[in-house]
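Line by line, the protein sequences give chains A and B.
Quick note on numbering: the first sequence equals residues 1 to 231 in the numbering used here.
Quick note on numbering: the second sequence equals residues 1 to 224 in the numbering used here.
We put the beta carbon where it would ideally sit given N, CA and C, even for glycine.
Every value quoted in this text rests on a predicted model; they were computed, and no experiment measured them.
Shown next, in structure tokens, is the structure this report addresses.
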Amino acid sequence: MPAAPVRSIGLQFDKVDKRYGAVYALRDLTLNIAAGECVAVVGRNGSGKTTLLRAAAQLVRPSRGSIAFSGGAEDAKAAIGFVAHATMVYDELTAEENLVFFARLQELAEPKTRADELLREVGLHDRKDSLVRTFSRGMRQRVAIARALLAQPSLLLFDEPATGLDAESNLWLTEHLRKLRDTGCTILMSLHGDSELARLATRAIRLEGGGLIADTRRGAMFQSIFAAAGC
Amino acid sequence: MALLSNAAVLLGKEVRTEFRSRELLSTTIVFVLIVVVVFSFTFDPTTNESRRFGPGLLWMAFLFAASLMLQPCFLREQVNDTLGALRLAVSDPFAIFLAKICANTLFLLLTELLMLPVFAALFNVSFGAQLPGILLTFLLGSLGISVVGTALAVISAQARMRELLLPLLLLPLLTPILVVSTEVTIGLMQPEPYMEWKGIGLMAGFDVVFLTVLWLFGEYLLEE
Numbered sequence: 001m002p003a004a005p006v007r008s009i010g011l012q013f014d015k016v017d018k019r020y021g022a023v024y025a026l027r028d029l030t031l032n033i034a035a036g037e038c039v040a041v042v043g044r045n046g047s048g049k050t051t052l053l054r055a056a057a058q059l060v061r062p063s064r065g066s067i068a069f070s071g072g073a074e075d076a077k078a079a080i081g082f083v084a085h086a087t088m089v090y091d092e093l094t095a096e097e098n099l100v101f102f103a104r105l106q107e108l109a110e111p112k113t114r115a116d117e118l119l120r121e122v123g124l125h126d127r128k129d130s131l132v133r134t135f136s137r138g139m140r141q142r143v144a145i146a147r148a149l150l151a152q153p154s155l156l157l158f159d160e161p162a163t164g165l166d167a168e169s170n171l172w173l174t175e176h177l178r179k180l181r182d183t184g185c186t187i188l189m190s191l192h193g194d195s196e197l198a199r200l201a202t203r204a205i206r207l208e209g210g211g212l213i214a215d216t217r218r219g220a221m222f223q224s225i226f227a228a229a230g231c
Numbered sequence: 001m002a003l004l005s006n007a008a009v010l011l012g013k014e015v016r017t018e019f020r021s022r023e024l025l026s027t028t029i030v031f032v033l034i035v036v037v038v039f040s041f042t043f044d045p046t047t048n049e050s051r052r053f054g055p056g057l058l059w060m061a062f063l064f065a066a067s068l069m070l071q072p073c074f075l076r077e078q079v080n081d082t083l084g085a086l087r088l089a090v091s092d093p094f095a096i097f098l099a100k101i102c103a104n105t106l107f108l109l110l111t112e113l114l115m116l117p118v119f120a121a122l123f124n125v126s127f128g129a130q131l132p133g134i135l136l137t138f139l140l141g142s143l144g145i146s147v148v149g150t151a152l153a154v155i156s157a158q159a160r161m162r163e164l165l166l167p168l169l170l171l172p173l174l175t176p177i178l179v180v181s182t183e184v185t186i187g188l189m190q191p192e193p194y195m196e197w198k199g200i201g202l203m204a205g206f207d208v209v210f211l212t213v214l215w216l217f218g219e220y221l222l223e224e
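In structure tokens, the structure reads:
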């Protein structure tokens with residue numbers, strides 16, 4: 001069972017631009033995400049989904065505008081769990097070594113216990129001593145998810161989290177995220193044809209050319225956003 | 001304290017992965033060995049000539065080793081975007097640099113210490129009693145190379161011409177410390193060896209200045 005997040009935090013983008021040379025990855029983006037919301041970000045390739053998530057994770061500094069966290073997030077970085085498109089784990093370390101390493105960096109109280117707990121949760125405990133490079137894409141993604149959950153984050157950022165997962169793993173991920181959402185965790189996830197995960201969302205936004213072109217909560221227009229994105 | 005504990009954890013990972021794969025160390029050691037052997041056969045120096053030219057050749061070989069060794073230190077972090085994970089996990093981004101600098105210095109020092117007896121044998125020089133001085137010179141020189149090289153490695157890792165950029169930027173910036181390191185080593189290799197403390201001071205100053213610059217501005221180098 002996922003542990004309850006320490007606190008729930010919200011996220012505010014205020015007129016955010018992110019430019020790479022002359023190309024806008026995000027353009028004049030204003031977005032308020034309340035604590036506890038589960039927001040699906042959809043859009044075509046190059047629409048700015050990844051940049052939005054990386055900016056929220058403070059890995060990308062906006063060229064203009066600001067990103068703020070609400071809900072007593074003095075150290076927002078510590079409250080963020082980020083699953084990127086890449087796995088963000090070391091291929092040359094074992095699954096357990098990876099998790100213990102990141103747990104130590106985050107100065108968690110009992111790194112090995114926490115790593116063991118998460119490896120059991122993601123179903124990789126029997127492979128904990130195997131090097132990550134020997135894993136399939138789906139298994140690597142499970143390690144990536146475990147890494148993101150190490151510090152019991154209250155803001156989860158997932159960039160196409162179902163990438164490489166088989167049907168069973170996808171179901172596991174959906175159930176896991178549902179439990180996290182129900183504990184009050186704020187979730188922002190980009191989706192690209194993940195119909196199971198789309199059902200978790202309480203709100204959907206659509207990006208195009210880095211700008212927000214649709215934003216809706218559950219209701220009449222809700223499914224049309226996913227349908228347009230192929231979810 | 002979080003900075004030091006983060007850096008220690010990161011350094012442990014660097015050492016563990018390197019000693020597990022031995023990719024970087026073995027490649028660099030073989031490369032430097034070839035360079036030193038080629039130099040010795042090309043110049044075939046007498047003992048006196050070795051004392052005059054040897055230190056320059058030695059530091060040139062170390063520079064080649066460094067440019068080979070420093071290139072992958074941030075490229076490796078890009079493969080699975082682990083740099084992003086590190087930036088999210090550490091409380092102070094300087095911890096990432098500190099660990100990389102310590103690891104690079106350690107690996108460079110190891111290479112240098114392994115090369116020292118080979119150099120002494122091929123160039124017919126003896127260090128003997130000057131070993132503490134040599135170690136101090138190697139430590140300060142390697143630290144300077146690693147500090148500058150690590151900063152440039154993160155810059156070049158994000159560039160398109162990354163393989164060319166690092167050696168191109170490295171050489172002009174390292175010229176001062178290479179010149180001073182060579183001068184200090186020449187002093188230590190004389191029949192009546194002496195320690196050039198002014199040179200040691202300059203090397204320490206170089207290290208402190210670049211380390212401070214990296215501490216102040218390093219965070220910006222890590223940004224996407």
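Which residues in the same chain as residue i place their Cβ atom closer than 6 Å to its Cβ, once the five residues preceding and following it in sequence are excluded?
i                     : result
residue 139 (chain A) : none
residue 77 (chain B)  : 83
residue 155 (chain A) : 9, 79, 80 and 186
residue 164 (chain A) : 137, 138 and 141
residue 59 (chain B)  : 178, 181 and 182
residue 57 (chain B)  : 39
residue 128 (chain A) : 95, 96 and 119
At the 8 Å Cβ level, is residue i part of the contact set with chain A, yes or no?
i                     : result
residue 104 (chain B) : no
residue 13 (chain B)  : yes
residue 84 (chain B)  : yes
residue 137 (chain B) : no
residue 157 (chain B) : no
residue 224 (chain B) : yes
residue 20 (chain B)  : yes
residue 17 (chain B)  : yes
residue 9 (chain B)   : yes
residue 153 (chain B) : no
residue 2 (chain B)   : yes
residue 124 (chain B) : no
If you draw a straight line from the alpha carbon of residue i to that of residue j, how long is it in whole angstroms?
i                     : j                     : result
residue 9 (chain A)   : residue 124 (chain A) : 30 Å
residue 1 (chain A)   : residue 179 (chain A) : Residue placement at residue 1 (chain A) cannot be trusted, given a pLDDT of 47 that sits under 50; what the coordinates show is reported in the next sentence. C-alpha separation (whole angstroms): 8 Å.
residue 121 (chain A) : residue 167 (chain A) : 17 Å
residue 161 (chain B) : residue 66 (chain B)  : 18 Å
residue 222 (chain B) : residue 37 (chain A)  : 30 Å
residue 170 (chain A) : residue 196 (chain A) : 8 Å
residue 121 (chain B) : residue 38 (chain B)  : 14 Å
residue 73 (chain B)  : residue 153 (chain B) : 7 Å
residue 207 (chain B) : residue 213 (chain B) : 10 Å
residue 89 (chain B)  : residue 55 (chain A)  : 16 Å
residue 63 (chain A)  : residue 52 (chain A)  : 13 Å
residue 225 (chain A) : residue 41 (chain A)  : 10 Å
residue 150 (chain B) : residue 57 (chain A)  : 25 Å
residue 204 (chain B) : residue 171 (chain B) : 19 Å
residue 48 (chain A)  : residue 60 (chain A)  : 12 Å
residue 117 (chain A) : residue 81 (chain B)  : 24 Å
residue 223 (chain A) : residue 68 (chain B)  : 54 Å
residue 164 (chain B) : residue 75 (chain B)  : 14 Å
residue 233 (chain B) : residue 199 (chain B) : Given a span of 1 to 224 for chain B in the structure shown, any question on residue 233 (chain B) remains unanswerable.
By Cβ distance below 7 Å, which residues in the same chain neighbour residue i in space, the five residues on each side in sequence not counted?
i                     : result
residue 88 (chain A)  : 144 and 147
residue 27 (chain A)  : 17, 209, 210 and 211
residue 220 (chain B) : none
Excluding five sequence neighbours on each side, which residues of the same chain lie with their C-beta closer than 8 Å to the C-beta of residue i?
i                     : result
residue 16 (chain B)  : none
residue 109 (chain B) : 138, 139 and 142
Could you check whether the Cβ of residue i sits closer than 8 Å to any Cβ belonging to chain B?
i                     : result
residue 80 (chain A)  : yes
residue 163 (chain A) : no
residue 23 (chain A)  : no
residue 92 (chain A)  : yes
residue 13 (chain A)  : no
residue 57 (chain A)  : yes
residue 68 (chain A)  : no
residue 49 (chain A)  : no
residue 147 (chain A) : yes
residue 139 (chain A) : no
residue 87 (chain A)  : yes
residue 61 (chain A)  : yes
Does the ligand HEM have a heavy atom nearer than 7 Å to the CB of residue i?
i                     : result
residue 186 (chain A) : The ligand HEM is not among the ligands present in this structure, which contains no ligands whatsoever.
Less than 8 Å between the CB atoms is what I'm expecting for residue i and residue j, so what's the real figure, rounded?
i                     : j                     : result
residue 103 (chain A) : residue 132 (chain A) : Not really, about 16 Å apart at Cβ, beyond 8 Å.
residue 6 (chain B)   : residue 105 (chain A) : 6 Å
residue 11 (chain B)  : residue 94 (chain B)  : Residue 11 (chain B) to residue 94 (chain B), Cβ: 13 Å. No contact.
residue 157 (chain A) : residue 114 (chain A) : Not confirmed; about 20 Å, so no contact.
For residue i, return the contacting residues in chain C, with the cut-off set at a CB-CB distance below 8 Å.
i                    : result
residue 90 (chain B) : Considering every chain present, this structure includes no chain C. Its protein chains are A and B.
Could you list the residues in the region 167-190 of chain A with a C-beta less than 9 Å from some C-beta on chain B, going in chain order?
Legend: CB atoms of the region 167-190 of chain A lying less than 9 Å from CB atoms of chain B are not found in any residue.
With 8 Å as the C-beta to C-beta threshold (strictly closer), list the residues of the region 103-136 of chain A near chain B in chain order.
For the region 103-136 of chain A, which is checked against every Cβ of chain B, the residues closer than 8 Å are 104, 105, 106 and 107.
Identify each residue in the region 61-88 of chain B for which the Cβ-Cβ distance to at least one residue of chain A is less than 8 Å, and report them in chain order.
Answer set for the region 61-88 of chain B: 79, 80, 81, 82, 84, 85, 86, 87 and 88.
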